[in-house]
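A.B. asks: Encoded as structure tokens, here's the structure I'll be asking about.
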Amino acid sequence: MGSLAGIGAGLAAIGAGIGIGKIGASATEAMARQPEFAGKIQTAMLIAAALVEGVALFAVVVAMIK
Amino acid sequence: MCEKINPSRLCFINKKVYFCTEFLIMHMKKIFILAWLILVWGNVSAQHGHEPDKSGEHTEKQEEGFDTGKLVAHHLSDSHDYLFELPFIHKTIHLPVILWTDKGLSVFSSKAFQGDNEGRVVVTDDKGNKFVRIHEVIYYADKVGGHDHPSVFDFDSRPLDFSITRNVVAIFFVFVLLFVVLYYTVKGYNNPKKLPKGLASFLEPIIIFIRDDVAIPNIGKDKYEKYMPYLLTVFFFILFSNLIGLIPFAPFGHNITGNILVTFVLATFTFIITTLSGNKHYWKHILAPDVPKALWPIMVPIEILGMFTKPFALMVRLFANILAGHTIIISLVALIFIFGSLAVSPVSAFFVIFMSFIELMVAFIQAYIFTILSALFIGLAVEEHEEHAHETSH
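From first to last, the protein sequence lines stand for chains E and X.
Each residue of the first sequence is one higher than the one before, starting from 476 at the first, in our numbering.
Each residue of the second sequence is one higher than the one before, starting from 1245 at the first, in our numbering.
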């Protein structure tokens, strides 16, 4: 059913949103505590965000195949 | 520093150039926004060129609504015809179909299918094979009998398809682009006493970045040089392919990395390089890990499976990110057709611009992620071991 696939993709989006939100929160907090490492923290944040998003997109791919 | 130019003292042509550039610089922001809007208009009107043949199929029923799924599938999937479309030029180039059948090699132009995608046109080649094409996949005509939707995975009913499809042409185009850009980069290093000139000075920070922040930390100072060509190639290939997918007019606008077979090949390259450069410690960790022997029936299959899931994750991550981005942009443009009114276009254009910025960031990030994870896997394979006493201190 098409709508079930849509629900599945939506749940994956919730997971991605929560995960990347937490990453962003801890990254900005770390940057506030040690501003001289802001560049490295930003790099690590982008890598972690891409990995979390990869997991969420696995679910989107499964939803697309239905 | 240069002194301020007095326009009244310039000759006629120089005056025009001066005022043109001054205009350009002062109104840069508006010009930039105008250029983006023209790009979006180009995108929308190139889409509009498809509409006539699509609406013909839809007026059978009353008010069926716009089928976005079909539009997305038509734009993002591979195709045997190359549609060259600019706002006022619509040209279809029929690419050659190269099939390996049981009776040998069979080459013909895809014009023989006459644009049919539903399996109605049967093409007979000179060896006596009959082919039909359903949804851009070629099957043997006699194996497609009762049901009208044979599965793509039914390998008995399909010849081996080595055709030059639209993605293959796009990948060749990326090759040419890569070669031209990197050739001029290399030429900037002609004089070893001076700083690199031209394109080299633009790309050098990126290449240094990949060497110093991707290769050396992950692979190690003494071993990274062997793998630099692969990492640089894969980075620039994925970057250029992603960027080409974002530009809506021909000859750009092809969905290369959004095709899972392309990313499968890239991940296979990483897998082959990682496996072939694994040293004794790598294989020892996989086949004889440092755990009590009672756990080996669990650990060894998991480790072997882990050898395959890492490139698999690389493949799906790149594919899904890029495909999702392209799907979102096409769907936002299709909003205009879903609502059927031109008043939606400012909203749609704004969303498309916004999503395009995000997709630009994703293009760079995904190329970087693929490269750094490949470097990480290669580093895991070639790393030399410190003393075992070091491990117990973790």
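Virtual Cβ for every residue (Gly too), placed ideally from N, Cα, C.
Can you tell me whether DSSP reads E/Leu526 as helix, strand or coil?
C.D. replies: In the first sequence, residue 526 of chain E corresponds to position 51, counting from 1. Note: E/Leu526 maps to helix in three-state DSSP.
A.B. asks: Grouping DSSP H, G and I as helix and E and B as strand, with all else coil, what is X/Lys1371?
C.D. replies: The sequence position of residue 1371 of chain X within the second sequence is 127, counting from 1. Reduced to three states, the DSSP call for X/Lys1371 is coil.
A.B. asks: Examine the ligand GDP and report whether any of its heavy atoms sits within less than 7 Å of the Cβ of X/Asn1411.
C.D. replies: Of ligands this structure carries none, so the ligand GDP is not represented either.
A.B. asks: Can you tell me whether X/Lys1335 is helix, strand or coil according to DSSP?
C.D. replies: Position 91 of the second sequence, counted from the start, is the residue given in the question as residue 1335 of chain X. If DSSP states are grouped into helix, strand and coil, X/Lys1335 belongs with the strands.
A.B. asks: What is the DSSP secondary structure of X/Thr1345, counted as helix, strand or coil?
C.D. replies: Numbered from its first residue, the second sequence carries residue 1345 of chain X at position 101. In this structure, X/Thr1345 counts as strand in the three-state DSSP scheme.
A.B. asks: Determine the extent of the alpha helix (DSSP H) in which X/Glu1329 is found, giving its start and end residues.
C.D. replies: If you number the second sequence from 1, residue 1329 of chain X lands on position 85. No alpha helix (DSSP H) holds X/Glu1329; the beta strand (DSSP E) holding it covers 1325 to 1330.
A.B. asks: Given a cut-off of 8 Å on the beta-carbon distance, is the pair X/Thr1507 and X/Thr1514 in contact?
C.D. replies: If you number the second sequence from 1, residue 1507 of chain X lands on position 263. If you number the second sequence from 1, residue 1514 of chain X lands on position 270. No, the Cβ-Cβ distance between X/Thr1507 and X/Thr1514 is not below 8 Å.
A.B. asks: Can you pull the chain X residues whose beta carbon is under 7 Å from the beta carbon of E/Ala486, in chain order?
C.D. replies: As a first step, residue 486 of chain E must be located in the first sequence, where it is residue number 11. The question names Ala, yet the displayed sequence has Leu at residue 486 of chain E. Going along chain X, no residue has its Cβ under 7 Å from E/Leu486, so there is no contact; the nearest lies around 15 Å.
A.B. asks: Should X/Val1458 go down as buried or exposed, given a rule of 16 or more other Cβ atoms within 10 Å for buried?
C.D. replies: As a first step, residue 1458 of chain X must be located in the second sequence, where it is residue number 214. Buried.
A.B. asks: Considering only the beta carbon of each residue, do X/Ile1382 and X/Leu1343 sit closer than 8 Å?
C.D. replies: As a position in the second sequence, residue 1382 of chain X is number 138, starting the count at 1. As a position in the second sequence, residue 1343 of chain X is number 99, starting the count at 1. Closer than 8 Å, so yes.
A.B. asks: Listed in chain order, which residues of the stretch 518 to 529 of chain E have Cβ atoms closer than 9 Å to some Cβ of chain X?
C.D. replies: Thr518, Leu521, Ile522, Ala524, Ala525, Leu526, Glu528, Gly529
A.B. asks: Give, in chain order, every residue of the stretch 1565 to 1576 of chain X whose Cβ lies closer than 9 Å to some Cβ of chain E.
C.D. replies: Taking 9 Å as the Cβ-Cβ cut-off against chain E, the residues of the stretch 1565 to 1576 of chain X that qualify are Asn1565, Leu1567, Ala1568, Thr1571.
A.B. asks: Quick one: list the residues of chain E neighbouring X/Gln1358, beta-carbon separation under 8 Å, in chain order.
C.D. replies: By one-based count along the second sequence, residue 1358 of chain X stands at place 114. Within chain E, no residue comes near X/Gln1358; the closest Cβ sits about 30 Å away, beyond 8 Å.
A.B. asks: Given that E/Leu532 touches chain X, what residues does it touch there, using C-beta distances under 9 Å?
C.D. replies: Numbered from 1 along the first sequence, position 57 holds the residue referred to as residue 532 of chain E. Here the neighbours are Val1560, Arg1561, Phe1563, Ala1564, Asn1565, Leu1567, Ala1568.
A.B. asks: In chain order, which continuous runs of the alpha helix (DSSP H) of length 4 or greater are located wholly inside the stretch 1451 to 1502 of chain X?
C.D. replies: 1460 to 1463, 1472 to 1490
A.B. asks: Residues of chain E with CB under 7 Å from X/Ile1609, in chain order?
C.D. replies: Sequence index remark: in the second sequence, residue 1609 of chain X carries index 365 (1-based). By Cβ distance, chain E contributes Leu521, Ala525.
A.B. asks: Looking at X/Phe1556: is its Cβ nearer than 8 Å to the Cβ of X/Ala1511?
C.D. replies: The residue labelled residue 1556 of chain X in the question sits at position 312 within the second sequence. The residue labelled residue 1511 of chain X in the question sits at position 267 within the second sequence. The answer is yes: Cβ separation under 8 Å.
A.B. asks: Leaving out five residues before and five after X/Ile1616 in sequence, what residues of the same chain have Cβ atoms less than 8 Å from its Cβ?
C.D. replies: Numbered from 1 along the second sequence, position 372 holds the residue referred to as residue 1616 of chain X. Only Val1458, Asn1462 meet the Cβ criterion.
A.B. asks: Just the C-alpha distance for X/Gly1623 and E/Val527, rounded to the nearest angstrom, thanks.
C.D. replies: As a first step, residue 1623 of chain X is located in the second sequence; it is residue number 379 there, counting from the start. As a first step, residue 527 of chain E is located in the first sequence; it is residue number 52 there, counting from the start. If I take the Cα positions, the gap works out to 22 Å.
A.B. asks: When the cut-off is 8 Å and only beta carbons count, does X/Ile1613 lie next to chain E?
C.D. replies: One-based indexing of the second sequence puts residue 1613 of chain X at position 369. Output row for X/Ile1613: interface = yes.
A.B. asks: Exposed or buried, what is X/Gly1442 when buried is set at 16 or more other beta-carbons lying within 10 Å of its beta-carbon?
C.D. replies: Walking along the second sequence from the start, residue 1442 of chain X turns up at place 198. X/Gly1442 is exposed by the Cβ-count criterion.
A.B. asks: At a CB-CB cut-off below 9 Å, which residues of chain E make contact with X/Ile1500?
C.D. replies: Sequence index remark: in the second sequence, residue 1500 of chain X carries index 256 (1-based). Under the 9 Å cutoff, chain E gives no residues; its nearest Cβ is about 17 Å from X/Ile1500.
A.B. asks: Considering only residues of the same chain and omitting the five flanking positions on each side of X/Asn1503, which have a CB-CB separation below 7 Å?
C.D. replies: The count along the second sequence starts at 1 and reaches residue 1503 of chain X at position 259. So the list reads Asp1322, Asn1411, once near-sequence residues are dropped.
A.B. asks: Can you list the residues of chain E that X/Ile1616 reaches, using a CB-CB cut of under 9 Å?
C.D. replies: On the second sequence, residue 1616 of chain X is found 372 positions in, with the first residue counted as 1. Under the 9 Å cutoff, chain E gives Ile522.
A.B. asks: If contacts are defined as beta-carbon pairs under 8 Å, then X/Phe1375 and X/Ala1385 qualify, I think. What distance do you get, rounded to the angstrom?
C.D. replies: The sequence position of residue 1375 of chain X within the second sequence is 131, counting from 1. The sequence position of residue 1385 of chain X within the second sequence is 141, counting from 1. Going by Cβ atoms, the distance from X/Phe1375 to X/Ala1385 rounds to 6 Å, so yes, they are a contact pair.
A.B. asks: Would you be able to state if there are at least three C-beta pairs under 8 Å between the stretch 503 to 519 of chain E and the stretch 1593 to 1609 of chain X?
C.D. replies: no
A.B. asks: At the 8 Å Cβ level, is X/Pro1296 part of the contact set with chain E, yes or no?
C.D. replies: Taking the first residue of the second sequence as 1, we reach residue 1296 of chain X at position 52. A caution first: X/Pro1296 carries a pLDDT of 39, below 50, which makes its placement in the model unreliable, though a value can still be read off. Not one chain E Cβ lies under 8 Å of X/Pro1296.
A.B. asks: Please classify X/Asn1486: is it buried, with 16 or more other beta-carbons within 10 angstroms of its beta-carbon, or exposed?
C.D. replies: The count along the second sequence starts at 1 and reaches residue 1486 of chain X at position 242. Burial call: buried.
A.B. asks: Which residues mark the beginning and the end of the beta strand (DSSP E) in which X/Tyr1383 is found?
C.D. replies: Walking along the second sequence from the start, residue 1383 of chain X turns up at place 139. Counting along the chain, the beta strand (DSSP E) containing X/Tyr1383 begins and ends at 1381 to 1384.
A.B. asks: Using 10 angstroms around the beta-carbon of E/Ala525, count the other beta-carbons present and answer buried if the total reaches 16, otherwise exposed.
C.D. replies: Numbered from its first residue, the first sequence carries residue 525 of chain E at position 50. E/Ala525 comes out buried.
A.B. asks: DSSP state of X/Arg1377, grouped into three classes?
C.D. replies: Position 133 of the second sequence, counted from the first residue, corresponds to residue 1377 of chain X. Strand at X/Arg1377.
A.B. asks: What is the rounded straight-line gap between the Cα of E/Glu511 and the Cα of X/Phe1453?
C.D. replies: For the purposes of this step, residue 511 of chain E is taken as the residue at position 36 of the first sequence. For the purposes of this step, residue 1453 of chain X is taken as the residue at position 209 of the second sequence. For E/Glu511 and X/Phe1453, the distance between alpha carbons rounds to 19 Å.
A.B. asks: Going by beta-carbon coordinates alone, are X/Leu1320 and X/Asn1499 separated by less than 8 Å?
C.D. replies: Here residue 1320 of chain X corresponds to residue number 76 of the second sequence, with the count starting at 1. Here residue 1499 of chain X corresponds to residue number 255 of the second sequence, with the count starting at 1. Taking 8 Å as the Cβ cut-off, X/Leu1320 and X/Asn1499 qualify as a contacting pair.
A.B. asks: Beta-carbon of X/Ala1557 versus every beta-carbon of chain E: anything under 8 Å?
C.D. replies: Position 313 of the second sequence, counted from the first residue, corresponds to residue 1557 of chain X. Yes, X/Ala1557 lies at the interface with chain E (some Cβ there is under 8 Å from its Cβ).
A.B. asks: To the nearest angstrom, how far is the alpha carbon of X/Phe1423 from that of X/Pro1541?
C.D. replies: As a first step, residue 1423 of chain X is located in the second sequence; it is residue number 179 there, counting from the start. As a first step, residue 1541 of chain X is located in the second sequence; it is residue number 297 there, counting from the start. Looking at the two C-alpha atoms, the distance is approximately 49 Å.
A.B. asks: Can you tell me whether X/Phe1563 is buried or exposed, with buried defined as 16 or more other CB within 10 angstroms of its CB?
C.D. replies: Your numbering for residue 1563 of chain X matches position 319 in the second sequence. X/Phe1563 counts as buried, since at least 16 other C-beta atoms from the protein chains shown sit within 10 angstroms of its C-beta.
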